[in-house]
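Undergrad: Here you go, one structure.
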Amino acid sequence: MRRRSSLPVTFLVPTLAILLVLSMVPTLYAIVIALQNRELSAPGYSWVWFSNFADLFSDRRFLNAVWVSVKWEIVTVVATMVVAIGLGVLMFEVAGPRLRNFYCLLFIIPVLLPRVSAAFVWKFAYHPLYGIATYPYRLITGGLIFDPLSKPGSALFAVASVDVWQWGLFFAVIVLKLLETLPPQPIEAARLDHAKRWQIHAYVTLPMLKAPLISLMFVKMIESLRSFDLIYVMTRGGPGVATETLDMYAFSQGFIESGKVSYASAMAVLMMIATVITFTMLWKRVQA
Amino acid sequence: MKTIRPGRLIAKTILALAGFLAVFPLLWTALNALKNNVDIITRVPKVVFTPTLANISYILGRDSVLTGLYNSAVACGAAVLIGIVLGLPAAYAVARYPNRFAGDIQFFVLSLRFLPPVAVAIPLMVIWLQVGLYDTLPALIVTYSLLTISVIMWLAIPAFQGVPKEIEEAAFVDGYGAYSVFWRIALPVAARSLIGAVAFSFVLVWNEFLIALMLSSSNAKTLPIVASELSQQGMNVPWGILNASVVLLSLPPLLFLGVLSGFLNSVFRQKKS
Numbered sequence: 001m002r003r004r005s006s007l008p009v010t011f012l013v014p015t016l017a018i019l020l021v022l023s024m025v026p027t028l029y030a031i032v033i034a035l036q037n038r039e040l041s042a043p044g045y046s047w048v049w050f051s052n053f054a055d056l057f058s059d060r061r062f063l064n065a066v067w068v069s070v071k072w073e074i075v076t077v078v079a080t081m082v083v084a085i086g087l088g089v090l091m092f093e094v095a096g097p098r099l100r101n102f103y104c105l106l107f108i109i110p111v112l113l114p115r116v117s118a119a120f121v122w123k124f125a126y127h128p129l130y131g132i133a134t135y136p137y138r139l140i141t142g143g144l145i146f147d148p149l150s151k152p153g154s155a156l157f158a159v160a161s162v163d164v165w166q167w168g169l170f171f172a173v174i175v176l177k178l179l180e181t182l183p184p185q186p187i188e189a190a191r192l193d194h195a196k197r198w199q200i201h202a203y204v205t206l207p208m209l210k211a212p213l214i215s216l217m218f219v220k221m222i223e224s225l226r227s228f229d230l231i232y233v234m235t236r237g238g239p240g241v242a243t244e245t246l247d248m249y250a251f252s253q254g255f256i257e258s259g260k261v262s263y264a265s266a267m268a269v270l271m272m273i274a275t276v277i278t279f280t281m282l283w284k285r286v287q288a
Numbered sequence: 289m290k291t292i293r294p295g296r297l298i299a300k301t302i303l304a305l306a307g308f309l310a311v312f313p314l315l316w317t318a319l320n321a322l323k324n325n326v327d328i329i330t331r332v333p334k335v336v337f338t339p340t341l342a343n344i345s346y347i348l349g350r351d352s353v354l355t356g357l358y359n360s361a362v363a364c365g366a367a368v369l370i371g372i373v374l375g376l377p378a379a380y381a382v383a384r385y386p387n388r389f390a391g392d393i394q395f396f397v398l399s400l401r402f403l404p405p406v407a408v409a410i411p412l413m414v415i416w417l418q419v420g421l422y423d424t425l426p427a428l429i430v431t432y433s434l435l436t437i438s439v440i441m442w443l444a445i446p447a448f449q450g451v452p453k454e455i456e457e458a459a460f461v462d463g464y465g466a467y468s469v470f471w472r473i474a475l476p477v478a479a480r481s482l483i484g485a486v487a488f489s490f491v492l493v494w495n496e497f498l499i500a501l502m503l504s505s506s507n508a509k510t511l512p513i514v515a516s517e518l519s520q521q522g523m524n525v526p527w528g529i530l531n532a533s534v535v536l537l538s539l540p541p542l543l544f545l546g547v548l549s550g551f552l553n554s555v556f557r558q559k560k561s
């Protein structure tokens, strides 16, 4: 029925052209800057080619940032999926339709907050003397101080807990909706075979949802790359360099400490290459 | 059946606890926004106190906060508008006029989300400095448009695919052209999901921090930047004021709570059928 029309061209070409320009110009320019030695304080520059990249690999703070980023990625993705599947299954099992709607509404609230807001809310809550989250500890121990954000061992987990608070609860809602789309027959059949509730989920429902759950994990992996706001507000990469992820280190190299824009850009380019390659491969896998 | 009972009780308790954890920290922040400083800085949290509006009126009276609010509203509003104008038609074309590039186009749009924000922000800062648009709203709007166009497009493609084909075919038979089918049939029928997609893109740019931080130094600061700066003054700033600014920053996205949860429901209802 559809006659040949100019619609696809007029609707697609301008948008794609604009997207291409808006994305390729900064991307290519990032590479150009990374091959130079620009600094914020000085207007001049020259080409240094790959020396920024060579410097990076002998920069121990950079290697630390890579390690922190990997830790951050693993901790937040795993914790988010565990919380999401756990709470999603619990809602599916024990909550009636009205209660489900109520919980869904509550669980969406944290993810809507600007990350800056979420970071502040928890920074106050984690305050060792006056915070609401550390209050139970003070109460039980009779006033001992617990300061999760200033200990190198716990700071990353304290910040990650805010990320999981936002995304884990939100994904629980999605897991519930996914469970609701499943046909009831396999669950009934398993029940007739005297399978326990947890067995039904471990061996029947969750394997049936494997594909969407993997997509969900993929989305979380991408979103976890955006940790900057939380870390910037809560710890500024500290204590020491315990929570200094790659974007935090690139930002402080480029703009706070030394103004080495080219050095920061080299870091950003490496990040970009790593994420684009990893996620393209993962995406092709998920689609296949 | 008796053996299941304690398990159900534990499960309900965990859920109730999670529900409590989801909203309580935010409610507590809102409560603190109404407190005098002496009532916040206490070792035992105070639930009973004499409320004050001083923090909120202080926040709303600050020029920096009002400018931030204005900048956020203009930058996000304009970027979302551009996203609608460019993203929706493109999404419709991908959804309804399949060609051999459709898969690649979808992947390209998604892959824009892989780009680390720092990798985009550093070169853009240098570029905007060179063209003399650094620290202006137009620079921020153009940068945010990349975000809004791609997100709206990504979410609108399935929304348009959800429109029953028969309705559009019937309109073609009635003599509608391709463009009027888009305007008069596809847009209104898909409107509910599309509004969800647009609301989502708004929340995304409203909450954006890193790019705004790098592309503004004084004039174009958005609200998240202003709020984070209040805290950089350390604990000298009364906590009540900080809490009030967090509440102000969080309110606009929360207004979309209803729209977005409706959007989620409609997405999954489509999947079921």
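Line by line, the protein sequences are chains A and B. Read in order, the letters of the first sequence are residues 1 to 288 in my numbering. Read in order, the letters of the second sequence are residues 289 to 561 in my numbering. All C-beta atoms, glycine included, are put in the ideal place defined by N, C-alpha and C. Just so we're clear, the structure is a prediction, and the values are computed from it rather than from any experiment.
1) Residues in its own chain within less than 7 Å of residue 66 (chain A) by CB, not counting five upstream and five downstream?
2) Quick one: does residue 337 (chain B) have its CB under 7 Å from some CB of chain A?
3) Would you check if the stretch 81-90 of chain A and the stretch 301-315 of chain B touch, i.e. whether three or more CB-CB distances between them fall below 8 Å?
4) Look up residue 36 (chain A) in the DSSP assignment and give the residues it is bridged to.
5) Looking at residue 222 (chain A) and residue 248 (chain A), is the spacing between their C-beta atoms short of 7 Å?
6) Write down every uninterrupted run of the beta strand (DSSP E) in the stretch 404-472 of chain B whose length is 3 residues or greater and which is fully enclosed by it, in chain order.
7) Along chain A, which residues have their Cβ under 9 Å away from the Cβ of residue 400 (chain B)?
8) Going along the stretch 476-495 of chain B in order, which residues come within less than 9 Å of chain A, judged by CB to CB distance?
9) Short check: CB of residue 508 (chain B) to CB of residue 441 (chain B), under 7 Å?
10) How about residue 333 (chain B): is its C-beta nearer than 7 Å to some C-beta of chain A?
11) Verify the CB distance criterion: does residue 549 (chain B) have a CB-CB separation below 7 Å to chain A?
12) If the criterion is Cβ atoms closer than 7 Å, does the pair residue 425 (chain B) and residue 491 (chain B) meet it?
13) What residues in the stretch 81-99 of chain A bring their beta carbon closer than 7 Å to a beta carbon of chain B?
14) Give a yes or no on whether 7 Å exceeds the smallest Cβ distance from residue 411 (chain B) to chain A.
15) How about residue 471 (chain B): is its C-beta nearer than 7 Å to some C-beta of chain A?
16) Where residue 332 (chain B) and residue 143 (chain A) are concerned, what is the direct C-alpha to C-alpha distance, given to the nearest angstrom?
17) Secondary structure at residue 496 (chain B), three-state DSSP: helix, strand or coil?
18) Beta-carbon of residue 407 (chain B) versus every beta-carbon of chain A: anything under 7 Å?
19) Check whether chain B comes within 7 Å of residue 229 (chain A), counting only Cβ atoms and requiring the distance to be less than that.
20) Using a Cβ-Cβ cutoff of less than 8 Å, which residues in the same chain neighbour residue 290 (chain B) once the five nearest sequence positions on both sides are dropped?
21) Thinking just about the alpha-carbon of each residue, which of A:82, A:21, A:264 is nearest to the one in residue 62 (chain A)?
22) Taking the straight line between their C-alpha atoms, what separation do you get for residue 162 (chain A) and residue 466 (chain B)?
23) Does DSSP classify residue 257 (chain A) as helix, strand or coil?
24) Taking three-plus beta-carbon pairs below 8 Å as touching, is the stretch 435-454 of chain B in contact with the stretch 366-385 of chain B?
25) For residue 228 (chain A), which residues of its own chain have a beta-carbon under 8 Å away from its beta-carbon, when the five flanking residues on both sides are left out?
26) So the alpha helix (DSSP H) residue 238 (chain A) belongs to, where does it begin and stop?
27) At a CB-CB cut-off below 7 Å, which residues of chain B make contact with residue 138 (chain A)?
28) Just checking, does the stretch 405-425 of chain B make contact with the stretch 462-479 of chain B on the three C-beta pairs under 8 Å criterion?
29) Within the continuous alpha helix (DSSP H) that includes residue 181 (chain A), where are the two ends?
30) Listing by chain order, which chain B residues have their CB less than 8 Å from the CB of residue 247 (chain A)?
31) Do residue 235 (chain A) and residue 149 (chain A) come within 7 Å of each other at the CB atom, strictly closer than that value?
32) Considering just the uninterrupted stretch of the alpha helix (DSSP H) at residue 355 (chain B), what are its terminal residues?
33) Helix, strand or coil, according to DSSP, for residue 307 (chain B) in the structure here?
34) With a threshold of 7 Å between beta carbons, is residue 300 (chain B) in contact with chain A?
35) At the level of alpha carbons, what is the spacing between residue 154 (chain A) and residue 404 (chain B)?
TA: Quick look at the numbers:
1) 246
2) no
3) Yes: at least three Cβ pairs fall under 8 Å.
4) A:47
5) no
6) Runs of the beta strand (DSSP E) lying entirely within the stretch 404-472 of chain B, each at least 3 residues long, are absent.
7) 19, 22, 23
8) 491, 494, 495
9) no
10) Yes, its Cβ sits closer than 7 Å to a Cβ of chain A.
11) yes
12) Not in contact: residue 425 (chain B) and residue 491 (chain B) (Cβ atoms no closer than 7 Å).
13) 87, 90, 91, 93, 94, 95
14) yes
15) no
16) 10 Å
17) coil
18) yes
19) Interface with chain B (7 Å Cβ-Cβ cutoff): residue 229 (chain A) is included.
20) Per-residue confidence for residue 290 (chain B) stands at a pLDDT of 46, beneath the threshold of 50, marking its modelled position as unreliable; no derived number is given.
21) Looking from the CA of residue 62 (chain A), the closest CA among A:82, A:21, A:264 belongs to A:264.
22) 48 Å
23) When secondary structure is reduced to three states using DSSP, residue 257 (chain A) falls in the helix class.
24) yes
25) Closer than 8 Å at the Cβ level, and outside the excluded window around residue 228 (chain A), lie 245, 247, 248, 251.
26) Note, residue 238 (chain A): premise wrong, no alpha helix (DSSP H); not H, not E.
27) 331
28) Contact fails: fewer than three Cβ-Cβ distances are below 8 Å.
29) In this chain, the alpha helix (DSSP H) harbouring residue 181 (chain A) covers 152-181.
30) 404, 405, 406, 498
31) yes
32) 351-384
33) helix
34) When Cβ-Cβ separations below 7 Å define contact, residue 300 (chain B) makes contact with chain A.
35) 26 Å
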